[in-house]
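S.K.: Have a look at this one.
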Amino acid sequence: MSENFDKIKTHFPAARIKKLMQSDEDIGKVAQATPVVVGRALEFFLASIVESSVKEAREAGVKRITGAHVKQAIEKNENFDFLVETVCKKGEVEATAEQQDEE
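In the working numbering, the protein residues as written are 3 to 105.
As structure tokens, then:
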């Protein structure tokens, strides 16, 4: 994962992360390095979701990643357990919308 991750040229803006963190009333001052570390952690997190989704797409014999592949990756990986409820709700909403479109 690190060899692919080093190729990433764009990063999450530290100023925006700091602004989001300070929007919470419970958080006071934020050290200068904190938003940078949070941004880097977010990049690693997203890279792991994308890699898991790519694996699911390859197993399905598809070259393009869809929401279904991301959902499968989240459901199969224990590290993403906290996202299962969110993904299931989103999937149910999309399925309902598709059914309404068909009617």
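Think of the CB as a built atom: it goes at the ideal place given N, C-alpha and C, for glycine as much as any other residue.
Would you decide whether proline 37 is buried or exposed? Buried here means 16 or more other CB atoms lie within 10 Å of its CB.
M.R.: Its Cβ being crowded by 16 or more others within 10 Å, proline 37 is buried.
S.K.: Any idea if valine 72 is buried or exposed, counting beta-carbon neighbours within 10 angstroms, 16 or more meaning buried?
M.R.: Buried, since its Cβ has 16 or more Cβ neighbours within 10 Å.
S.K.: Could you give the distance in angstroms between the alpha-carbon of lysine 78 and the alpha-carbon of glycine 63?
M.R.: For lysine 78 and glycine 63, the distance between alpha carbons rounds to 18 Å.
S.K.: Return the chain-ordered list of same chain residues with a C-beta closer than 7 Å to the C-beta of leucine 85, the five sequence neighbours on each side being excluded.
M.R.: For leucine 85, where only same-chain residues beyond five positions count, the Cβ hits under 7 Å are Ile76.
S.K.: Tell me the rounded alpha-carbon separation between histidine 13 and asparagine 81.
M.R.: Cα to Cα, histidine 13 sits roughly 23 Å from asparagine 81.
S.K.: Quick check: what's the CA-CA separation for proline 15 versus glycine 41?
M.R.: Approximately 7 Å between the Cα atoms of the pair.
S.K.: Taking the C-alpha atoms as reference points, what is the distance between glutamine 74 and alanine 49?
M.R.: Distance between the alpha carbons of glutamine 74 and alanine 49 is about 16 Å.
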